[in-house]
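**Student:** Below you will find the structure I want to go over with you.
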Amino acid sequence: MYHRRRSWHPPPSRSGCCQRAIEPQARECIIGDAESHSPFCEVFLRRSSRNTGDEACQPAERNHVLGSVQRKRSAWTGSELSDDPDCNDAEPTGPSDSAGHNGDARPIAGRPSAPPIAADQPTSRPETSGAQASSNVRSAPVATWRNTFRSLSNRNFLFMWLGMLGVMAGMQMQMLARSYLVYDITGSASLLGVVAAANALPMLGLSMFGGAFADRFDRRRIIQAGQAVFATLALVIGIAIYTDTITWVHLMIAAAVQGVSFAFMMPARQAIVPHLVEPENLTNAMALNSAAMSALTLAAPAFAGLLYAYAGPDNVYFVISGLGYGAVVITSKVPRTGGGSTSRKNSMLKEVGAGLSYVRRSPLILALMAMGVAAAVLAMPFRMLMPLFVVDVYHVGPEQMGLLVSSMGAASLIGALFVASLSNWRRGMLLIIGSFLSGFALLLLATVPVYVAAIFFMIPLGLGDSSFRTLNQSLVVENTDDRFRGRVMGVFMMNRGLMPLGVLPTSIMADFLGAQFAIGLLAVLLLLFTTTILVTQKRVREIA
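Terminal number for the sequence shown in the numbering used here: 547, no gaps in between.
Here you go:
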């Protein structure tokens, strides 16, 4: 039995095989079999109350699916469906309402396509409660590896994904090069934490405004601007290294400017994805983003480490700059998408306040964001402080550091592809398991000071981190109203700005008490927090 809210829907009345409820802005036709739940409920909404006759329930229109199958299953009660066998000739196929954004509608695999609804009959997806849309669905955990990359068949998402690939490759290379260069110049773990904080703090202070920009202006242009700033900064730093004028202060300033640009780019990049893919493919698209990042974590640091060792850090930054400018060109192939959901007459502060109010009224989103903050504060510092482990604990060089990071990247890639291949099944529990895996792996890394063992310990860390980040992000996006999606993602991306709350004190602690003690303490705190979520947050455990 599937349930839905009835705050606006009057009691249905039977009329042949189609049951209809009319209100000024919506009309639904519900078709399906209550006992077998096959075919699934079909929901058709119109923005106008015109054409309310029986022709709205013709088979050709019944075949047009407006939302994801999972959303439709949770949106209607089986008791309201007709048991007339004549109604069961419609199988759910066709494009979702997001096809209006990307123009690339596709039928569900294995089902016949059907003519789309006429252009003069605009459609919209019914709003459902995030908790209901996620928690009431119980799909079978079927891993369909042939559909793992299905979102890439969408041309618009493909170009966005490729552009993201270039920037993420540069970021992974820069993370290794910058941290190693700072420690090489200064020999101070505290200054390493200061540079990391300079990059992350703008995300804390400006992400909400970046989200408001994403809801107001063209998201593609915002993304391109961030990519251009990223590429230019890398070029400037590369020139400074080449001319032997580089100092750690230059690296700190560049990190801060990059943090400002990312505070605007990242919310726009996350908020644009639902406009590029079908609703049922949203988690898949997010998982492919994570898979790409994981693949880059596997390859980019190893490449950067070798390039740093044999060609110098200046050439590392020149390559990063080229990747950034290439991303600007590729992203230009994506059509102008999103923005315009808020009035430009309203002040930016008012729009930010509206976004915060929306988050405060959404308990599920609050819980998911709290888990994201915990991961940023307690799990991410290890990545920033990895040079300490490489130099002071394992006594190896940049090549070995690249191999260490690549080991985690391989596991992260497997975890992300696994999430991409699954149906929407027990994602809440998978999210919690991912957090536990990260905590246990960090505890092992902190207690066993052996380089070879660390390579193996990076595997559960990569699996846990990848699955957690993928699910945490996709669930927040999925359960947010598009009118607020940019601002909500701005709030969500603040967890990157909160990272200094973990990095800076941890780096100071590492200077006085050792890196192993510092990371071990964070691991214990992460395990305790995850246990608290498991015990107290039923709405997270029950997310489908």
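Quick reminder that beta carbons are idealized off the backbone N, C-alpha and C, glycines included.
Bear in mind that the values here come from a model prediction, so they are computed numbers and not experimental data.
Quick one: is S293 buried, meaning 16 or more other Cβ sit within 10 Å of its Cβ, or exposed?
**Tutor:** buried
**Student:** Who are the Cβ neighbours of A172 in its own chain at under 7 angstroms, not counting the five residues just before and after it?
**Tutor:** L299, A303 and L326
**Student:** What distance in whole Å lies between the Cβ atoms of V239 and A257, which are believed to be in contact at a cut-off of 8 angstroms?
**Tutor:** 7 angstroms
**Student:** Where does W428 fall in DSSP's three states?
**Tutor:** coil
**Student:** So, for A513: in the same chain, excluding its five sequence neighbours on each side, which residues have a beta-carbon less than 7 angstroms away from its beta-carbon?
**Tutor:** A192, L388, L391 and A521
**Student:** So does the segment 217–235 actually touch the segment 280–292, counting three or more Cβ pairs closer than 8 angstroms?
**Tutor:** no
**Student:** With C-beta atoms as the reference, is R499 less than 7 angstroms away from A203?
**Tutor:** yes
**Student:** Under 8 angstroms by Cβ, that's how I've got A271 and R222 pegged, so tell me the actual separation to the nearest angstrom.
**Tutor:** 4 angstroms
**Student:** Alpha carbon to alpha carbon, how far is L367 from N284?
**Tutor:** 21 angstroms
**Student:** Specify, as a first and last residue, the run of the alpha helix (DSSP H) that G465 falls within.
**Tutor:** Y454 to E481 is the extent of the alpha helix (DSSP H) around G465.
**Student:** Would you say L155 and L381 are within 7 angstroms of each other, going by their C-beta atoms?
**Tutor:** no
**Student:** Less than 7 angstroms between the C-beta atoms of G431 and G467, yes or no?
**Tutor:** A distance of 7 angstroms or more separates the beta carbons of G431 and G467.
**Student:** Could you check whether N157 and V280 sit closer than 7 angstroms to each other, using their CB atoms as the reference points?
**Tutor:** Cβ distance < 7 angstroms, so V280 and N157 count as in contact.
**Student:** When you compare the CB positions of V494 and M211, do they come within less than 7 angstroms of one another, or not?
**Tutor:** yes
**Student:** Going by the CB atoms, is the gap between A259 and V396 shorter than 7 angstroms?
**Tutor:** Inclusion of V396 and A259 in the CB contact set at 7 angstroms is not warranted, their separation being larger than that value.
**Student:** Report all residues from its chain with a CB closer than 8 angstroms to the CB of A215; omit the five preceding and five following residues, and keep chain order.
**Tutor:** T345, M351, E354, V355, G358, G489, R490 and G493
**Student:** The alpha helix (DSSP H) spanning Q261 covers which residue range?
**Tutor:** Here the alpha helix (DSSP H) through Q261 covers W251 to I275.
**Student:** Tell me the DSSP secondary structure of T539 in three-state form.
**Tutor:** DSSP places T539 within a helical segment (H, G or I) once states are collapsed to three.
**Student:** For the alpha helix (DSSP H) containing Y328, name the first residue and the last one.
**Tutor:** P316 to T334
**Student:** State buried or exposed for T151, treating a residue as buried only when at least 16 other CB atoms are found within 10 Å of its CB.
**Tutor:** buried
**Student:** Among the candidates D484, F385 and M502, whose CA atom is the shortest distance from the CA of L445?
**Tutor:** F385
**Student:** Output the distance between the C-alpha atoms of S360 and G241, rounded to the nearest integer angstrom.
**Tutor:** 43 angstroms
**Student:** Let me know if N475 comes out buried or exposed under the rule of 16 or more other beta-carbons within 10 Å of its beta-carbon.
**Tutor:** With 16 or more other Cβ atoms from the protein chains shown falling within 10 Å of its own Cβ, N475 counts as buried.
**Student:** So, with DSSP's three-state summary, where would you put N279?
**Tutor:** A quick correction: the sequence has Leu, not Asn, at residue 279. Note: L279 maps to coil in three-state DSSP.
**Student:** Where does N54 fall in DSSP's three states?
**Tutor:** Low per-residue confidence applies at N54: pLDDT is 38, beneath 50, and the placement is therefore not dependable enough to give any value.
**Student:** Give a yes or no on contact between the segment 450–461 and the segment 313–330, applying the rule of three or more CB pairs nearer than 8 angstroms.
**Tutor:** no
**Student:** Pull up the distance between the alpha-carbon of M206 and that of L195, whole angstroms please.
**Tutor:** 18 angstroms
**Student:** Between L254 and V185, how many whole angstroms is the CB-CB distance? I'm expecting something under 8 angstroms.
**Tutor:** Going by Cβ atoms, the distance from L254 to V185 rounds to 6 angstroms, so yes, they are a contact pair.
**Student:** List the endpoints of the continuous alpha helix (DSSP H) containing V394.
**Tutor:** Per DSSP, V394 lies in no alpha helix (DSSP H) and is assigned neither H nor E.
**Student:** Beta-carbon separation of S365 and V422 under 7 angstroms?
**Tutor:** no
**Student:** What would DSSP say about V232, mapped onto helix, strand or coil?
**Tutor:** Looking at V232 - three-state DSSP - the assignment turns out to be helix.
**Student:** If we ignore side chains and look at the alpha-carbon of each, how far apart do R542 and M163 end up?
**Tutor:** 32 angstroms
**Student:** Identify the continuous alpha helix (DSSP H) that holds S191 and give its terminal residues.
**Tutor:** S191 -> no alpha helix (DSSP H), and no H or E assigned at all.
**Student:** Provide the residue span of the alpha helix (DSSP H) that contains E354, from first to last.
**Tutor:** M351 to R363
**Student:** Please report how far the alpha carbon of I435 lies from the alpha carbon of L168, in whole angstroms.
**Tutor:** The alpha-carbon separation between I435 and L168 amounts to approximately 27 angstroms.
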